[in-house]
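Undergrad: Going left to right, the sequence shown walks through residues 503 to 574 as our numbering numbers them.
Positions of the beta carbon are idealized from the N, C-alpha and C atoms, including for glycine.
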Amino acid sequence: MAEIIPMAEVRRERRRQREREYARSCADIIEATLQLTLRLYSAAPAADRPIRARQLRQLAELLEYVTGSSGQ
């Protein structure tokens, strides 16, 4: 016997899947940027390190928000 699935449910699941894919893509981009910023921090002159440190914190917070790993 076949099961009838409402179209609204199918659309909702497809939208959720796309949102998960977008979130994963965003997280990948943020992770790559975080790694680059870490390398730039390591190579930066002492005067520029506070700026790079702030960028690192901001990117880490953004990644935490995007991945939902804030522990809430």
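#1: Between the stretch 516-525 and the stretch 538-551, are three or more C-beta pairs nearer than 8 Å?
#2: When the Cα atoms are used, what is the spatial distance from Gln-579 to Ser-544?
#3: Output the distance between the C-alpha atoms of Leu-564 and Ile-532, rounded to the nearest integer angstrom.
#4: Could you tell me which whole alpha helix (DSSP H) segments of length 4 or greater appear in the stretch 506-568?
TA: The answer reads as follows:
#1: no
#2: This structure does not reach residue 579, given that the chain is present from 503 up to 574, and the question cannot be answered.
#3: 8 Å
#4: 509-545
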